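Okay, so here's the structure we're looking at.
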Amino acid sequence: MADPFGFMKYPRKTNPYREVKERIKDFAEMQLPLSDEERRKQAARCMNCGVPHCHAGFFYAGGRAVSGCPNDNLIPEWNDLIYRQEDKRAFERLTKTNPLPEFTGRVCPAPCEVACNEALNGKGITIKDNERFIIEQGFKFDWVIDSGMPQHRNGIKVAIVGSGPAGLSAAWQLNKFGFDVTVYERDDRPGGLTMYGIPNMKLPKEIVARRITTMEAVGIKFVVNTEVGVDITAKELKDQYQRVILTVGARAARDLAVPGRNLKGIMQAVDFLTQATKEVLQDGIKANRLLAGKKVVVIGGGDTGNDCIATAVRQGAAEIQQLEITRQPPKERLASNPWPQWPMVAKTGYGQQEAQEVLGQPLTAYETTAISFSGKNGQVTKMTTSKARLFKPVVGTEHDQPVDLVLLAMGFTGPQQTVLDAFGVTKINNDYSTNEESVFVAGDARRGPSLVIWGIYEGRMAAEQVARSCEVRL
6 MADPFGFMKY PRKTNPYREV KERIKDFAEM QLPLSDEERR KQAARCMNCG VPHCHAGFFY
66 AGGRAVSGCP NDNLIPEWND LIYRQEDKRA FERLTKTNPL PEFTGRVCPA PCEVACNEAL
126 NGKGITIKDN ERFIIEQGFK FDWVIDSGMP QHRNGIKVAI VGSGPAGLSA AWQLNKFGFD
186 VTVYERDDRP GGLTMYGIPN MKLPKEIVAR RITTMEAVGI KFVVNTEVGV DITAKELKDQ
246 YQRVILTVGA RAARDLAVPG RNLKGIMQAV DFLTQATKEV LQDGIKANRL LAGKKVVVIG
306 GGDTGNDCIA TAVRQGAAEI QQLEITRQPP KERLASNPWP QWPMVAKTGY GQQEAQEVLG
366 QPLTAYETTA ISFSGKNGQV TKMTTSKARL FKPVVGTEHD QPVDLVLLAM GFTGPQQTVL
426 DAFGVTKINN DYSTNEESVF VAGDARRGPS LVIWGIYEGR MAAEQVARSC EVRL
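Under the working numbering, the letters of the sequence shown match residues 6 to 479, in that order.
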């Protein structure tokens, strides 16, 4: 490293968030980048450690998640290059493994930072923000398109079903290998989760659109409003393409089977977020008042639930409550949860912070679940909750409260099986191949609901496996 004492000389500074009272007035991006000068200081904090756990991989040991980037990112190398002002070389090192750093640099929970050796006594290096800086330099100086152009075309056609992180990653990699790639997307815009599953203030849609435009510029084709099995059959795709990769994500949402679930005003979180994003794309980023005066309940305590809270705040909700069936995590790491395991501690998400500051509400009710809903004229008006132990309601703790909108953010169970069935997939192998010789599966559809960075890794690995199956040299 150029400055082995950088972590001692410079305090950690992350990209600052806009003030809560300002940012809730719109759906514009919340985080603003630091100056280039400050970013280079932050890169200098990388420690020249002998064993960089930041890219040691994300795995399970003794039932616990051990942090680190699962995507083989060469983090210490490009940190050093940022500090040395060798931004193009930093871009080349970053994009050797991560074709979509503008996404991870904004939405990744950064397991790399948790596993950073400096996090033993500090908060880790600002790896995520450094990554965002590199890719923005890449777009600024027009390095991105050149990096994605193939040296020659091999004439082999590949279809990718699904345009989320795994699909885009696979498409980018295969195109570089010289394949003719077409990506099929059932929604009206490409991007999958990054377009409609993540709010605009967290990942602006012009950032997603910029990537799609870039991919089209290097020769990748996109076909939208096309659902496999409805608008085009699996057989047609198999007949038209030598290989097919299914990257349809884990879109089967976990539901809540309780009385009154069929009432209007109870909806899946992803549907709510999709609707909100479409409104932003149509009407602009100014916050609307669609939920003015409404009482909103979000069931589920993960990132999606947090995104729902932030969106409801911007839509003017009068009250927001969050139900979490699990026990409240401790404020600090327990002895049984040491570094570099993922810290199982209580955190306040950006949406929770906004609701607390603007509405002044405690917000999250832990070990609580909804056991029924009731309403008038088919619309939900009341929710009955109870305390929960071991994920089961506790008799005698029932409580009624008024509600206008209920958002189910309880996670996903896996891919929509109809797509896999259409292609005759009955077995998915560790190398992304299936029982169908020409069909491969990657991303959440293969491994289950996970992080954007896992989708990127899976797409990249599946692309390499497809190339090997076609005897194309990498």
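Backbone N, C-alpha and C fix where the C-beta goes; we use that ideal spot for every residue, glycine too. These numbers were taken from a predicted model, which means no experiment stands behind them.
Reference residue i, options the options, closest by Cα
| i | options | result |
| --- | --- | --- |
| G383 | E403, A258, G11, P264 | P264 |
| H157 | K145, G183, I237, K381 | G183 |
| L268 | D236, G380, Q47, A33 | G380 |
| R256 | L86, G453, R44 | G453 |
| A360 | W347, A315, G73, T386 | A315 |
| A467 | S174, F10, P116, Q327 | S174 |
| S474 | A120, E441, G416 | E441 |
| G460 | Q90, N103, K46 | N103 |
| V400 | V411, V408, I376, Q422 | I376 |
| F227 | L328, G197, P398 | G197 |
| V481 | L479, D409, E362 | The requested residue 481 does not occur in the structure, where the chain is confined to residues 6 to 479. |
| L295 | V318, Q273, V275 | V318 |
| V275 | F417, R89, P81, A49 | F417 |
| H58 | P407, D405, S72, K46 | S72 |
| R50 | G310, Y15, P75 | Y15 |
| I304 | A340, I325, G254, A33 | I325 |
| V56 | T402, N122, V223, G11 | N122 |
| F108 | R17, R44, I217 | I217 |
Residue range of the unbroken alpha helix (DSSP H) whose run includes residue i
| i | result |
| --- | --- |
| Q361 | 355–364 |
| S377 | Taken as a continuous stretch (DSSP letters only), S377 belongs to no alpha helix (DSSP H), being part of the beta strand (DSSP E) at 373–381. |
| R473 | 457–474 |
| P264 | Premise fails: P264 is in no alpha helix (DSSP H) and is neither H nor E. |
| L99 | 92–100 |
| L242 | 239–245 |
| Q346 | Where Q346 is concerned, there is no enclosing alpha helix (DSSP H), given that its DSSP letter is neither H nor E. |
| I212 | 210–222 |
| A125 | The question names Ala, but residue 125 in the sequence shown is Leu. Careful: L125 lies outside any alpha helix (DSSP H) and carries neither H nor E. |
Cα-Cα separation between residue i and residue j, rounded to whole angstroms
| i | j | result |
| --- | --- | --- |
| V229 | R191 | 6 angstroms |
| V444 | K243 | 8 angstroms |
| G419 | G172 | 16 angstroms |
| W83 | V213 | 23 angstroms |
| D193 | D151 | 28 angstroms |
| K336 | P348 | 10 angstroms |
| F96 | D41 | 15 angstroms |
| G127 | D31 | 34 angstroms |
| K432 | P9 | 49 angstroms |
| G429 | D436 | 18 angstroms |
| Q280 | G298 | 19 angstroms |
| F277 | C313 | 8 angstroms |
| V163 | D147 | 27 angstroms |
| Q470 | V477 | 10 angstroms |
| S455 | C113 | 11 angstroms |
| E91 | D134 | 17 angstroms |
| A120 | I132 | 11 angstroms |
| R94 | L86 | 7 angstroms |
| L179 | S438 | 16 angstroms |
| A239 | L425 | 9 angstroms |
| Q346 | F378 | 39 angstroms |
Own chain residues within Cβ distance below 6 angstroms of residue i, not counting five before or after
| i | result |
| --- | --- |
| A176 | I165, V186, V188, I225 |
| Y201 | T279, T282 |
Beta-carbon separation (whole angstroms), residue i vs residue j, contact threshold 8 angstroms
| i | j | result |
| --- | --- | --- |
| V233 | A427 | 6 angstroms |
| P367 | A351 | Contact flag wrong, Cβ pair sits at about 13 angstroms. |
| L261 | M415 | 7 angstroms |
| T373 | A393 | 6 angstroms |
| S168 | P209 | S168 to P209, Cβ: 17 angstroms. No contact. |
| P106 | I140 | 4 angstroms |
Close Cβ partners of residue i (< 8 angstroms) along its chain, the five nearest in sequence each way excluded
| i | result |
| --- | --- |
| K101 | L79 |
| M35 | Y22, R23, R28, M206, K207, Y355 |
| I237 | Y189, T231 |
7 angstroms Cβ shell around residue i - same chain, five flanking residues per side excluded
| i | result |
| --- | --- |
| N1 | This structure cannot speak to residue 1, because the chain is shown only from 6 to 479. |
| E463 | A171, A447, G448, R451, R452 |
| K397 | none |
| L125 | W344 |
| I290 | D31, F32, A33, N205 |
Residue i Cβ short of 7 angstroms to the ligand MN heavy atom set
| i | result |
| --- | --- |
| I304 | Absent from the structure shown: the ligand MN. Ligands present: none. |
Delimiting residues of the beta strand (DSSP E) encompassing residue i
| i | result |
| --- | --- |
| D405 | 404–407 |
| A164 | 162–166 |
| R248 | 248–251 |
| L286 | It is not in any beta strand (DSSP E) - L286 instead sits in the alpha helix (DSSP H) that spans 274–288. |
| I29 | Counting along the chain, I29 falls outside any beta strand (DSSP E), and DSSP gives it neither H nor E. |
| D185 | 185–189 |
| A393 | 384–394 |
| T418 | 417–419 |
| Q327 | 324–329 |
| L410 | 410–413 |
| V119 | Counting along the chain, V119 falls outside any beta strand (DSSP E), though it belongs to the alpha helix (DSSP H) covering 116–120. |
| V444 | 444–446 |
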